[in-house]
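Accompanying notes for the structure given below.
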Amino acid sequence: MRENSFKNFIRTTFGSGSPIPFIISGNVALFILIYLFDILFELKIIPTPLFQWTVDQLSLPTNFQAFIQQPWSLLTYNFLYTGLFNVAFDCLWLYWLGNIFFNFLNKRQFLFIYIFSGLLAGLIFLIFSHLALFSNLPNPYLNTGSITIAAILASIATLVPKYELRLLLFGNVKLKTIAIVYFAIQFLFFILTNKPAAISYFCAVIFGMGYTYALQSGMDWSKIFKKKDKKRSKLKVVVGRGERSMPQHRYDLPNQDQIDQILDKISLSGYDSLSTHEKEILFKASNNNKIDG
15 MRENSFKNFI
25 RTTFGSGSPI
35 PFIISGNVAL
45 FILIYLFDIL
55 FELKIIPTPL
65 FQWTVDQLSL
75 PTNFQAFIQQ
85 PWSLLTYNFL
95 YTGLFNVAFD
105 CLWLYWLGNI
115 FFNFLNKRQF
125 LFIYIFSGLL
135 AGLIFLIFSH
145 LALFSNLPNP
155 YLNTGSITIA
165 AILASIATLV
175 PKYELRLLLF
185 GNVKLKTIAI
195 VYFAIQFLFF
205 ILTNKPAAIS
215 YFCAVIFGMG
225 YTYALQSGMD
235 WSKIFKKKDK
245 KRSKLKVVVG
255 RGERSMPQHR
265 YDLPNQDQID
275 QILDKISLSG
285 YDSLSTHEKE
295 ILFKASNNNK
305 IDG
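Residue numbers (this note's numbering): 15 to 307.
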């Protein structure tokens, strides 16, 4: 019975179409692997300190010459963690944010923000690390997924800033408030430990916000990932028993003001208080990942 429950959990989790379980699994697996190397070396089972070698190979270096020798680090630094608290917190944070993100946007948009914010932050880190102002860094490398998570948070907080979350000690808190506090803490941490990383972090946040602003003005940057259809069929939205066709919007989400008003109405009076048209708008937003994924 337990075996069947576990299989169902795996099937449900990894068969949902969401990239988040795969990202989290990759982060955790890599974290376990490097510490397994460390344990094996300490027990003298393997002669080479593979822990430090793996960290060096997968981290993004400040030295451009070193980067030329390991260009893959521009991608891998985003999945590497060396601290238990960091990997646990970021994985939980990514899971939580991802659930909110997919209520309004889709998988293609998530992957675009996640991948390109990481690449942008990495390139900016390399550029600023060469400035004399940032020479003799205490941390001559970058390895964290916090930067791309910040871009995801920035994008969704810009889209639905009034979205409320119930926190244990604080009650209902708006998403924009959580984002501001989180960004401030993270940015301060990077300023104290790795200044080029702080600049990269700031740029990733701006990138996430910029993506949403562009989306609201009709430009979806993530469409570079989208295959061109020979014929674009009209979107059908099912509400109750009836079924009607609606032309697709010029971008993949309803107007932000409409979403904010609907969320406010749900908070005050519940879902049943929504009109049919408002339910259609919410249906479009919450199922957008199934339509355009």
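Every residue gets a Cβ at the ideal spot worked out from N, C-alpha and C, and that includes glycine.
Residue i vs residue j beta-carbon contact at 7 angstroms
i, j, result
"P210", "F99", "no"
"G331", "L74", "The question about residue 331 has no answer here: the residues shown for the chain are numbered 15 through 307."
"L134", "F221", "yes"
"L101", "N186", "The amino acid at residue 101 is misidentified as Leu; the sequence shows Val. No, the pair does not count as a contact, with Cβ atoms beyond the cut-off."
"T68", "I48", "yes"
"F28", "F51", "no"
"I276", "E294", "no"
"S236", "R122", "yes"
"A218", "I161", "yes"
"L94", "L111", "no"
"N153", "N113", "no"
"T226", "S143", "no"
"T158", "M223", "no"
Nearest-angstrom beta carbon gap, residue j and residue i [assumed within contact, 8 angstroms]
i, j, result
"Y215", "L156", "The pair is not a contact, with the Cβ atoms about 10 angstroms apart (cut-off 8 angstroms)."
"D104", "I163", "6 angstroms"
"L108", "I24", "Not confirmed; about 19 angstroms, so no contact."
"V174", "I60", "Contact doesn't hold; Cβ gap of about 49 angstroms is too wide."
Endpoints, the beta strand (DSSP E) within which residue i is located
i, result
"G185", "185-188"
"L179", "178-181"
Where the alpha helix (DSSP H) through residue i begins and ends
i, result
"L173", "160-173"
"L89", "87-90"
"S214", "209-230"
Chain B contact for residue i (CB, 7 angstroms cutoff)
i, result
"K279", "In the structure shown, chain B cannot be found, because there is only a single protein chain."
- Message: Pairs of beta-carbons, one from the segment 112-127 and one from the segment 196-203, closer than 8 angstroms: are there three or more?
- Response: Verdict: no, contact absent.
- What are the uninterrupted segments assigned as alpha helix (DSSP H) that are 4 or more residues long and contained completely in the segment 95-121, given in chain order? Correct list: 98-115.
- Item | Stretch pair the segment 126-134 + the segment 62-82: three plus CB contacts closer than 8 angstroms | Three or more Cβ pairs closer than 8 angstroms define a contact, and the segment 126-134 falls short of that threshold against the segment 62-82.
- Message: So, does the segment 184-199 touch the segment 154-173, judging by three or more C-beta pairs under 8 angstroms?
- Response: Counting Cβ pairs under 8 angstroms, three or more are found: they touch.
- Message: Please give the ranges of any alpha helix (DSSP H) in the segment 24-93, keeping only runs that are unbroken, at least 4 residues long and fully inside the region.
- Response: Here the runs fully enclosed are 34-56, 64-72, 78-83, 87-90.
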